Amino acid sequence: MARKKYDFDMVCIGSGPAGQRASIQAAKLGKRVAVIERRRILGGVCVETGTIPSKTFREAVLSFLCAAHHVEQHLGNHFDSRPTAEQLLARVADVTKREVEVVADQLRRNDVVLIQGEASFKDAHTMAVAGEQESRIVSAANILIATGTIPAQPDGVPVDGEVILTSDDITSIKKLPRKMVVVGGGIIGVEYASMLAALKINVTLVDKRTGLLEFLDSEIVEELMHQMRNRNVTFRLGEAVEKLELTDEEPRRAILTLESGKRIMAESVLYSVGRMGAVERLNLAAAGLSADKRGRLTVDPQFRTEIRHIFAAGDIIGYPSLASTSASQGRHVACHAFGVEIDPVPDHPPVGIYAIPEISMTGPPEQVLTDQHVPYETGIARYREIARGQILGDDSGLVKLLFHREDRRLLAVHAIGTGATELTHIGQAVLDLGGGLEYFLRTIFNYPTLAECYKVAALDAHNKLAMTASHLPKEAT
């Protein structure tokens, strides 16, 4: 019996990091590949409203802070003004445009067919694609769903992009408020709360959980909250929003009533209580699929859904929902789809949180190792002890290394402060290669650099291990 012919060997729904990497990898394997993108620009949420715009916005905030610091430290003048939204966002459009060009060029060079329009399943191998000008039917032997996510919406009050915003709206605001409430203390909420507070905006962060970012090391979270409080962020943890209303008079204000009875008035509210999988228009049922209540799809270790030839990757499958891991997942999808061997996705990918200050980690936090009864020792280096930290004017950053007490393997790296998301990659390499304390003790790092933190932290751990070993009873040594 002849094999059924399809239009493509693989079709990727979505051109974000997962869809982009999967399509290019499949094309390099000599397969016929297409990408379906419903947005007007390529790159998905990552390029249009997520990673690229938000991190460009953050760099603009940091540039402003650097200029203000220079005026106050070197000219002796108090810098009390703040930039306009237009000034801060001026570079976002330029960077976004360039990233779109990069994605388009990569797809073009690898002969990936781009189909513009909204995809919906007709059956497990066939999709209808509704474009602005025309519609077409596309079939594929393998399909990757990489449609990303959309912000969860507040109940009862429409998002207007001015008073009530989601994270998709922040990088297109027309005016910076004087007071803002951020509802939701996840990664996105914390990132924007810290950026806005750095601009001397009065920020209140509300979250029904009693702790922030509980997957992080607790000491790192404490330092983050300390620095945010120094910028006058008010935390309302263990609090939930019962009602969100808008005043009638101009200029309009938002009034939040918390379940505890507290009331907060603000010029604007950033609603950041998570994101929903963008699956509503895919007609998953026609392909034999279903999503959970958050719009997420369940996959196996090869990123296959319950329909073996349909894969899902990126934010649509949930944690860790990072552009970097999504890209890696996409490449793995293409290899698994066509029987190409590939190393498994690492157990501990690096996590980067672009708050001010930034945070990064690879490996488990202390509380997890404690719960698992893993014997470990910590080594800590603080930026104020490092020459580069003094040069940068960052005296509150730190790097924490966790080593196994018995074989001295590196177990995890946790960092907060300037360059933390870059700095963690040194530890990531050592962790993945099975290295440990001895590597850091013998290695020479450039001076003055933040990388010296690894040497200082390793010496700290070495001294602690030596001290405890010297006090053990002789029969136990």
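Mapped onto the numbering used here, the consecutive letters of the sequence shown carry residue numbers -7 to 469. From the three backbone atoms N, C-alpha and C, an ideal C-beta is built for every residue, glycine too. Predicted model only: the values in this text are computed from it and were never measured.
- Query: Does the distance from the CB of S316 to the CB of P338 come in under 8 Å?
  - Reply: Going by C-beta atoms, S316 is not nearer than 8 Å to P338.
- Task: Kindly indicate which three-state DSSP category A246 falls into: helix, strand or coil?
- Result: Three-state DSSP puts A246 in a strand.
- Query: What's the gap between the Cα of V63 and the Cα of D386?
  - Reply: Bear in mind that a pLDDT of 46 at V63, under 50, signals an unreliable position, so the model cannot answer this.
- Message: Distance check for I5 and V121, CA to CA, integer angstroms please.
- Response: V121 and I5 have their alpha carbons spaced roughly 10 Å apart.
- Answer yes or no: do K392 and I418 have a C-beta to C-beta separation smaller than 8 Å? With respect to the 8 Å criterion, K392 and I418 are not classified as neighbours on the basis of their beta carbons.
- Query: Among K235, Q12 and A458, which has the Cα closest to the Cα of V94?
  - Reply: Shortest Cα-Cα distance from V94 to any of K235, Q12 and A458 involves Q12.
- Message: I want to know whether the region 373 to 385 touches the region 230 to 245 - three or more CB-CB distances under 8 Å.
- Response: Judged by Cβ distances under 8 Å, the region 373 to 385 makes no contact with the region 230 to 245, as fewer than three pairs qualify.
- Message: Just to confirm before moving on: does the CB-CB distance between R228 and L250 stay below 8 Å?
- Response: Closer than 8 Å, so yes.
- Task: Less than 8 Å between the CB atoms is what I'm expecting for L390 and L403, so what's the real figure, rounded?
- Result: The C-beta separation of L390 from L403 comes to about 17 Å, leaving the pair out of contact by the 8 Å criterion.
- Query: In its own chain, which residues sit with a C-beta less than 6 Å from the C-beta of M217, not counting the 5 before and 5 after it?
  - Reply: There are no such residues.
- Task: Examine the Cβ distances between the region 72 to 81 and the region 345 to 352 and report whether three or more of them are shorter than 8 Å.
- Result: Contact between the region 72 to 81 and the region 345 to 352 is absent, with fewer than three C-beta pairs closer than 8 Å.
- Message: Considering only their Cβ atoms, is the gap separating R400 from L429 smaller than 8 Å?
- Response: Against a cut-off of 8 Å, the Cβ pair of R400 and L429 comes out as a contact.
- Message: Are the CB atoms of N222 and N194 within a distance shorter than 8 Å?
- Response: No, these two residues do not count as a Cβ contact at 8 Å.
- What does a CB cutoff of less than 7 Å around A144 pick up in its chain, not counting 5 residues either side in sequence? Same-chain partners within the cutoff: V265, G266, R267 and M268.
- Query: Counting pairs of beta carbons, one from the region 172 to 183 and one from the region 288 to 307, are three or more of them closer than 8 Å?
  - Reply: No: fewer than three Cβ pairs fall under 8 Å.
- Message: I need the DSSP call for H66, collapsed to helix, strand or coil.
- Response: Summary for H66: the model assigns pLDDT 47, below 50, so the residue's position carries little reliability, and this model does not support an answer.
- Message: By the DSSP assignment, the beta strand (DSSP E) with R296 in it spans what residues?
- Response: Looking at the DSSP string, R296 is not in any beta strand (DSSP E), and its letter there is neither H nor E.
- Query: If you scan the region 203 to 260 from start to end, which runs of the beta strand (DSSP E) of 3 or more residues do you find wholly inside it?
  - Reply: With a minimum length of 3 residues, the unbroken runs of beta strand (DSSP E) contained wholly in the region 203 to 260 fall at 226 to 229, 233 to 238, 246 to 250 and 255 to 258.
- Say whether the region 108 to 116 touches the region 270 to 283, bearing in mind that this needs 3 or more beta-carbon pairs closer than 8 Å, one atom from each stretch. Yes: the two stretches touch, three or more of their Cβ pairs being nearer than 8 Å.
- Message: Quick check on L425: buried or exposed, where buried means 16 or more other Cβ atoms within 10 Å of its Cβ?
- Response: Exposed: under 16 other Cβ atoms inside 10 Å.
- Item | Every unbroken beta strand (DSSP E) within the region 324 to 397, with a cutoff of 3 residues, ordered by chain | Whole beta strand (DSSP E) segments, 3+ residues: 343 to 345, 351 to 354, 368 to 374 and 390 to 396.
- Message: Going by DSSP in three states, T196 sits in which element: helix, strand or coil?
- Response: Strand at T196.
- Query: Can the beta-carbon of N102 be found less than 8 Å from the beta-carbon of A19?
  - Reply: Yes, they are a contact pair.
- Do you know offhand how far A232's Cα is from P169's? About 23 Å.
- Message: Since V174 and L197 should fall inside the 8 Å C-beta cutoff, what is the C-beta to C-beta distance between them, to a whole number of angstroms?
- Response: Confirmed, about 5 Å.
- Which stretch, first to last residue, makes up the alpha helix (DSSP H) that contains R93? According to the sequence as given, residue 93 is Glu; it is not Arg. Counting along the chain, E93 sits inside the alpha helix (DSSP H) bounded by residues A77 to R101.
- Task: Could you tell me which residues DSSP pairs with K171 in its beta bridges?
- Result: BP columns for K171 point to N194.
- Message: So, with DSSP's three-state summary, where would you put G181?
- Response: Note: G181 maps to helix in three-state DSSP.
- Query: Is there contact between the region 27 to 43 and the region 79 to 98, where contact requires at least three CB pairs shorter than 8 Å?
  - Reply: Short answer: they touch.
- Task: Give the secondary structure of V3 by DSSP, where H, G and I count as helix, E and B as strand, and everything else as coil.
- Result: Under the three-state reduction of DSSP output, V3 falls in the strand class.
- Query: Taking Cβ positions, are V25 and D1 nearer each other than 8 Å?
  - Reply: In contact: V25 and D1 (Cβ atoms closer than 8 Å).
- Query: Can you list, in chain order, the residues of its chain whose CB lies under 8 Å from that of K(-3), leaving out five sequence neighbours each side?
  - Reply: For K(-3), there are no CB contacts under 8 Å within the same chain when 5 residues up- and downstream are skipped.
- Query: Thinking C-alpha only, which one of L136, G140, S131 and Q420 is nearest S352?
  - Reply: It is Q420.
- Item | Backbone CA spacing between D477 and T226 [nearest angstrom] | No answer is possible for residue 477: the residues shown for the chain start at -7 and end at 469.
- For G287, which residues of its own chain have a beta-carbon under 6 Å away from its beta-carbon, when the five flanking residues on both sides are left out? Answer for G287: M268, G269 and V271, listed in chain order.
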